[in-house]
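Residue numbers (our numbering), protein chains in the order written: chain A, 1 to 308; chain B, 1 to 299; chain C, 1 to 560; chain D, 1 to 342; chain E, 1 to 322.
Contents: one structure, followed by commentary.
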Amino acid sequence: MPLLQLHDVTVQFPEKGGFLKRTIPPRSVVDQVSFQIFQGEVYGLVGESGCGKSTTARAIMGLNSLANGQILFQGDDLYQMSRASRKLRMKDIQMIFQDPYSSLNPRKNVWNIIAEPLRNFENLSKEEELAKVQELVERVGLNAESIYQYPHQFSGGQRQRIGIARALALRPQLLIADEPVSALDVSVQAQVLNFMKDIQEEFELTVLFISHDLGIVRHMCDRIGIMYKGRLVEEGTVEDIYERPSHLYTKRLVAAMPELNPEKRSEKVKQRRQINEQYELAADQFFDSSGRIIELRKISDTHRAALK
Amino acid sequence: MELTNEAMRQAKMGNQSFHSAIWREIRHDRMALVSLIVLVCIVGIAYISPFFLSIDRVTRIDLSSIYLAPSAVHWLGTDDGGRDVFGQLLLGARNSFTIGVCVTLLASLYGLTIGLIAGFYGGIVDQIICRVLDFLMILPSLMIIIVFVVMVPNYSVFNFILIMSIFAWFGKARLIRSRGLAERELDYIHASKTLGTPDWKIMLFEMLPNLSSLIIVNMTLTLAGNIGLETGLTFLGFGLPSGTPSLGTLIALAKNPDIVQNKWWVWLPAALLILVIMLCINYIGQAVKRASDARQRIA
Amino acid sequence: QSRVQGETEPPVFPLEVSNQDKPIEDGEMIVALVSSDPFEGTLSRPFYSGSFDAEIMNWFDEALLSTDSDFEITNDGAATYELSDDKRTITLRIKEGVYWHDGEPVLASDLLYAYELLGHPDYAGERYTFTVENIEGMDDYHAGRTKKISGIQVHDERTISVTFKTASPSIMTGFWSVPVPRHHVGDVTAGELTMEELESSEKIRITPIGFGPYIIVKIVPGESVLLERNEDYWRGRPQLQSVVLKTVNEAIVVESLKKGDVDLAKVPADQYETVKKLDNIELLGDLDLAYSYIGFKIGKWDDEKKENRMDPKSKLANKLVRQAMWHAMDNESVGTYLYHHLRFPATTLIVPGFESYHDAKNLGRPYDPEKARALLDEAGYIDKNGDGFREDPAGKPFILHFASMAGGDVAEPIAKYYIQNWADVGLKVELTDGRLHDFNAFYELVKSDDPKVDIFQGAWGTGSDPDPSGLYGRKALFNYSRYTSERNDALLEAGTSKQAFDTEKRREIYKEWQALMVEDVPLVPTLYRYELIGVNTRVVNYSIDANSENRHVWKWGVSA
Amino acid sequence: MEDILLTIHKLRTSFQIHGKFYPAVDGISLTIQKNEVLAIVGESGCGKSALALSIMGLHPSDRTLVEGIIEFQGRNLLQLPIAELNQIRGKRLAMIFQDPMTALHPLMIVGRQIEEPMNVHLTLSTKEKKHRTLQLLERVGIQNNEQVYQQYPHELSGGMRQRVLIAMALACDPVLLIADEPTTALDVTIQAQILELMKDLQRQSQAGILLITHDLGVVAEMADRVAVMYAGEIVELAPVRELFYNPKHPYTRSLLQSLPSATGQKQKLHVIEGIVPAIEHLTRNGCRFASRIPWISNELHEGEPILHEIAADHFVRCRCHEHFYLPAERMGDESNASITAT
Amino acid sequence: MLVFIVRRTLLMIPQLLLLSILIFFLAKQMPGDAVTGAFMGKPNVSAEQMEKIREQHGLNDPWIVQYGRWIGDAVRGDFGQSFVHKQPVTQLLAGRIENTIWLSVATLVVTYLIAIPLGMIAGRWTGSWADQFIVTYNYVSFATPVFVFALLMLYVFGFVLNWFPSGGSVDIRVEEGTAEYVWDKLKHLVLPVLSGSLLLTYSTVQYLRNEIIETKMKDFVKTARAKGVSENVVYHRHILRHSILPIAAFLGYEITGLIAGSVFIETIFSYPGLGRLFIDSIMTRDFTVVTALVLISGAAVIVGTMLSDIILRMVDPRIRLG
Ligand SMILES: Nc1ncnc2c1ncn2[C@@H]1O[C@H](COP(=O)(O)OP(=O)(O)OP(=O)(O)O)[C@@H](O)[C@H]1O
Ligand SMILES: Nc1ncnc2c1ncn2[C@@H]1O[C@H](COP(=O)(O)OP(=O)(O)OP(=O)(O)O)[C@@H](O)[C@H]1O
Ligand SMILES: [Mg+2]
Ligand SMILES: [Mg+2]
Ligand code: NI
């Protein structure tokens, strides 16, 4: 059984407009997205800005309400549970945020930040809590005395580690990482990525890894879903996506990745042009009559794409 | 990793809280520092004055000595009831300041509660609160305060504070709401939600501390405004009960041109005192404001 | 010279300007209406209510009958009168050559019109007074039962007679003789316009006319009025070419006088000292027909019977306490220091302005704390617990509540001072609600006999009629003390009876009444007052002396 | 050498912090030639923007100190009075900013903003200006140019806005274009388009471009020459091929190793120890990178590191590169530290 | 745009209605009514007579009935009769409102005329002596009670220097409609307006200064400079255009300040306007006038906020579509 299952998940935001601000039909930001994540794997969600990646993540976390669909965690529908049991359940799902600067409360010291989930769910004595926090802090590679420091005294990478420590405090099964490194410099990025990989292996975490950087996704993930305008357009293993992209949008994304070899510049440019042209020509192939991206079709056991 | 107690303590001390930021900012701004000292002196003297000044004596009418010019006995002369202006000034400063502080605190409490709720929940709750605030903001509050003052049957300082504070919180609520709305979109609030922290805890322990600098800045700045408003209302005759010494009572005597011209000691010290108090609060407020915004800090 | 009263010597003010120069032909006088508020501008006698409106009207309008220093009607006005032997019918004859400003003659029917307005069922003003009500047939007319007032006869164009139900000396002081130009303002009785329309009509607000010495040329509402000489004035040619009346804030009166911006202005007491020093200003002063008082609540208004009823259980029922409280009050100091001698201790309830009726020998109850203490001891109010304040005879705390009006710079020190005075003799008095009350709230409290009030401070203007029954009668709503006694009833009755047309007799009656009030002390008259007028030295022929020829507006002029 | 557009000599740009001036750009010398794309790479905070702003003269004069020589077509920009500087900027020297969201005036229609440099530098009639603007918009790949002309920035997508910014920079046919991270705020696909566009335009106009970026991928795709900056200094300067095939400076090598390699090998990424020190905490004597490669002993660094030309046009600061190895290499993986062509 | 204005206007109606109910209710709660006020201190009016007058004016009806009557009339522009002034309130206000409008508009204009240049100078040359001077002036003006300042102005310029008339709105001697009349009106306005506006500049200067300092650091300003635009143009075209927006948004609330200020100013300069009328009316319990005045002030603020909204909409394209 998959650890997390999304079934036709739809998230809508109301749009304001018109005379006397009547509510006009809401816009689906995430439109009937379904995928599954299995125990222990790292699932990547890729797409351009505004395609609905974060919204999907937030829907799983219960920060947005669903307009339609189900989210099953270990087979239980998170949105059908009572508030209390859902709260207990959410303990097993934790999130790492994109911006290490705003995801930590600047008014709290590291101790209080990391202890927050512990205080909510576990009744620890002060000593136990301190011990636990120190353990976590050391686990993420920070000094023990840093628990008295405030977020602004840390670099971006260190902050992201604090965020990870907080997420790990309750020993979750599923970790959702929403662009955890896109605000960081290359060198720091490497640090966090390495670290996340270690943690994932050590805790046998299941991770939903969201990013727009195909290089990073490739480095981190086992399976990848490509999102476009609120819909999933292709899903498959890393090899499926990078070696055998079937959807033109995926191809386009892959082609847009900067080439690190100066020699291949012109080649790459040519390739991009080609794909762009194709894309423009064949655009309507990927949409149904109402202009909606069509459903995924199975290509192989691991590979699905929104193709006719 | 073994940690010495010393290292722990230093790490603890190394953090800089908002308070120390304010203090540093004030220390580096000469005007603010002077203001703070002056204000502390004024308020300090005013508040400890009952220990060396008998209120009864200061407020006792002595018709044979009205409008005496400053002398060794009456440092700042006497007022329309032959009362010592210096003593009145101290009592007045104390009353005015107390009222200003009380009004500010009360108004902040209202504003904070409403603003936080609107800011935290957003959506429909915010919409409703906003509409109500929109309406309240357009009330001609000075006029309505006056109407209230006239209306209240059992008029006392307490009632006055209540009335003033009822009309002083709308702006605050708005301010806190809008910052709250911005704050609620920040990831640390999301984080707290995903960590299972209950809403009220998030509001009080996550959001509020981050708004605290805003609130403190707003409070220091409106404190001056509230003291000014109290004085103004007293000037118009709708402020403090007239036997209660207040800076406004003394300045209100300046309605009479003879006093303005020939009996400056009655109103001028009070006017200057209020000016100094308000200036001081303002300078401190500005320093506090800078402290709240790292980009503006001098220190 | 003005009359001097009381034990102390208040300053002495002239009643007439000293400038003896000839007035210039094209002079203009600027008169201040001293107020921080705009004047209301209802420039018609039946309808006006502001004192500034009255002041403005003085310049362009007047009563047909003139009055003397006792405010009694005389025969040297625009009309002469005759009183019938039974003193119930008065007949007016308007002199020749009295014309409205628009050239129409002043007719007897114009005076009739005034009565028709005053008695009209729709009339909502305040001048439906005793002398109007007392006219025969007025009740029926007022109730709308008839269209004509049977007691008023118009004999010819210029003769009219008015018959009263009862003979009362009030006729001599209270008789209404101001006509209303029916042709100008429009006829309410003929249905040309309604009473309300008339009241807000431009004809009395923007373009009013009268038959006085000056003609209104222009009005800036609430601010100023420009008048010009009425060449056809019946007494003669007015001295001034033009007159400007304008509101001047109290705050800047002195400056305006000093600069010569205004020639004539009432001077507020607190600025007297400053004005005194100005050498271009002469100060005239006369006693005002008003006094301040401290009242004691000793009863309640009985709404059933519409009369006052004393309450023997009220806190101040014991007259010794009231007497003591009067003795405890240091009015002398208040007048001297707070009013710069412009007010001085009052003695009786008939002001010295009524020269013939004020009992100058009755000294009231002068400041004497010792006597006050003795009286209180005698009454059994003794400080038993040693807290400095007396308890009542039963030994219970005795706390009185004092209501006083806010307004003016000195209201607060005065109230505080009296409280101190009483504290000095051991009486504990506190301000009702802990504050001074504004005008309306104060009267609301006092009028409704609110139990929160035991003592109250106020002031009365007496009007020109010395009869005090409107303020102290058994049926008088304004008798806020709610004091009644048989003797009081009898004396007041006698004061307005037919026999009181004899001034000597009336003086006796009122002397007795004044003594009664000093004995029973339903209220303490505290201060009499001067009214001060600052006049520029260039003003000539100006007088506030009721006996002087120069009291007439048309005589006033300015020299070069 | 009339092909040289810009010569920077010992440029030092210092910011005032706590009343003292600390250099953020510390003695940089560079030249840019016609028709050349010079890329500057480095981590955040190493002084790239400070350098660009210094060239444009956009630092507020009260809190910034700019010393050295910036010679543009024979004139030292630092010594020009503001009026003359204004004659140059926007005309022969133009700049593209990083964030298209904020770099456009939110209350002016796009057309006016593009016309503004023409108002200043060219004498054209209103019609000509509009014509030229529409042409420019077309050149940067905006098809519905008439419509966009009338629109406000917030009505455009990020990519469109960046195109508008480019059009604005090109308004007076500049000979040197300074682009400060022109694509950082954009999506990959759009980034590719914009880069291509810039390349095209550059080829057409033969202008020089100073391209500032922190993305080595962008460098590889665009640049002719690359300067690697660290802590206000240039640590390595080389033609693009040389840099990617034969990186020398420890910093360059570390950077390349810390990229999640595009080849898909899931080996550990290299992590550079520590952080870039803030300019007020930077130790300025000795090798500035030394603290971040602590396993290289101190003697191996130069006392006063200078740029050494180790191959034609290839400069490296400090001798330490000769002894440098990555920790991973020591542990047996002897493969070349550079990215080998696939 | 039109749709927006219509919507905004419709939104005003419930606000006004709510305001009117609130105000009416407050007025009725005050101790004493118009009749008490009008006849107190005049001994010769009997209780029955007063009761009759009360009955006549419907002062004894339940308040909801009175409200219904009042609001019905108010909609038709009839605020009833002032008991004290014996005049329709509308007529009474008509005489004063013109003066108040003169005063407020002039004060507003002068405030902006002073504040905007000051704010610009202070914002542009932050830290210069001019800036320090302006900031100090600003603090002082904020801290000075308006009545003290107005009194001083009156003394210095009205009396000591004798430059301007010390009270009133216009001299009686000048003909209405002539240029002289207007000139005289303006002369009478100088002191009240200056006293008001010199202290009202606070928020505008403060805001503009901060806003300019903020805007100065914005990227689009760098863009403008990079285009070679001269410094003056940068400030006038780019920075000011952006910074002035919030000032427009404040217009509505500025009106609140004006109303409050006019109460003081009109009292001190004996300027016959609505502010003074309010104080007088409240003293005399002339509640038809009080209610009308508060309603008018409220309406003025509502209209003001609406105006700022509309202005904002017109100048800020971001809101226009948003
Ligand atoms: N609270 C909200 N109200 C209305 N619209 C929203 C809200 N949150 C997100 N959206 C819209 O939903 C769409 C998807 O947003 P989302 O944040 O999920 O994108 P994303 O893929 O995470 O993009 P990015 O890479 O920029 O983070 C965007 O167009 C955004 O404008
Ligand atoms: N106005 C300023 N005042 C003080 N310090 C500044 C200022 N501007 C920049 N700095 C500092 O100067 C250094 C260089 O900044 P710069 O903006 O040039 O970096 P950058 O390389 O462009 O970084 P990024 O990639 O983040 O744009 C940084 O340490 C920064 O903190
Ligand atoms: Mg996102
Ligand atoms: Mg930069
Ligand atoms: Ni080195």
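Where a beta carbon is used, it is the ideal one built from N, C-alpha and C, also for glycine.
These numbers come from a predicted model, not from an experiment.
- Residue environment for A:F13: exposed (fewer than 16 other C-beta atoms within 10 angstroms of its C-beta).
- Under a criterion of Cβ atoms nearer than 8 Å, no residue of chain E is adjacent to C:E304; the nearest Cβ is some 12 Å distant.
- Interface flag for A:P26 against chain B is unset, since no Cβ pair is found closer than 8 Å.
- At least one beta carbon of chain B lies nearer than 8 Å to the beta carbon of E:P145.
- Proximity of B:N95 to chain E, defined by a Cβ-Cβ separation below 8 Å, is not satisfied.
- A:R273 is classed as exposed because its beta carbon has fewer than 16 other beta carbons within 10 Å across all chains shown.
- Between ligand 1 and D:E221, a heavy atom-to-CB distance of less than 7 Å is absent.
- Minimum Cα-Cα distance from D:S61 among the listed residues E:Q91, E:G298, E:F24, E:G127 corresponds to E:G127.
- With 16 or more neighbouring CB atoms inside 10 Å of its own CB, E:L200 falls in the buried class.
- In this structure the stretch 161-171 of chain D lies against the stretch 86-105 of chain D, because at least three pairs of beta carbons, one per stretch, are closer than 8 Å.
- For A:S103, the residues of chain B that pass the 7 Å Cβ criterion are D187, Y188, A191, in the order they occur in the chain.
- For D:I69, the uninterrupted beta strand (DSSP E) segment begins and ends at 64-72.
- Boundaries of the beta strand (DSSP E) around D:Q16: 4-17.
- For B:E206, the C-beta contacts it makes with chain A under 9 Å involve N105, R107, K108, E116, in order along the chain.
- Between the C-alpha atoms of A:V140 and A:S102 there is a straight-line separation of about 19 Å.
- The stretch 484-504 of chain C makes no contact with the stretch 260-271 of chain C; the number of CB pairs closer than 8 Å stays below 3.
- In terms of beta-carbon proximity, C:D86 stays away from the interface with chain B, with every pair separated by 8 Å or more.
- When distances are taken from the beta-carbon of D:P305 to the heavy atoms of ligand 5, the shortest one is below 7 Å.
- Neighbours of E:H238 across chain D, judged by C-beta separation under 7 Å: H105.
- Within the same chain, and ignoring the five residues on either side of C:L363 in sequence, the residues whose Cβ sits closer than 6 Å to its Cβ are T347.
- A direct Cα-Cα distance of roughly 10 Å separates A:V30 from A:N68.
- Shown here, C:T129 sits in coil according to DSSP, grouped into three states, outside any helix or strand.
- One Cα belongs to B:V40, the other to B:R94, and the distance between them is close to 12 Å.
- With a minimum length of 4 residues, the unbroken runs of alpha helix (DSSP H) contained wholly in the stretch 213-255 of chain B fall at 247-252.
- Assigned with DSSP and collapsed to three states, C:Y480 falls in coil, not helix or strand.
- Proximity of chain D to E:E231 at the Cβ level (cut-off 8 Å) is accounted for by I82, in chain order.
- Neighbours of B:Y155 across chain C, judged by C-beta separation under 8 Å: D433, G434, R435.
- A distance below 7 Å between beta-carbons, with the five flanking residues on each side excluded, links B:T78 to the following residues of its chain, in chain order: S65, I66, Y67, L68, D84, V85.
- Taken in chain order, the members of the stretch 5-20 of chain E whose beta-carbon sits within less than 9 Å of a beta-carbon on chain B are L11, P14, Q15, L18, L19.
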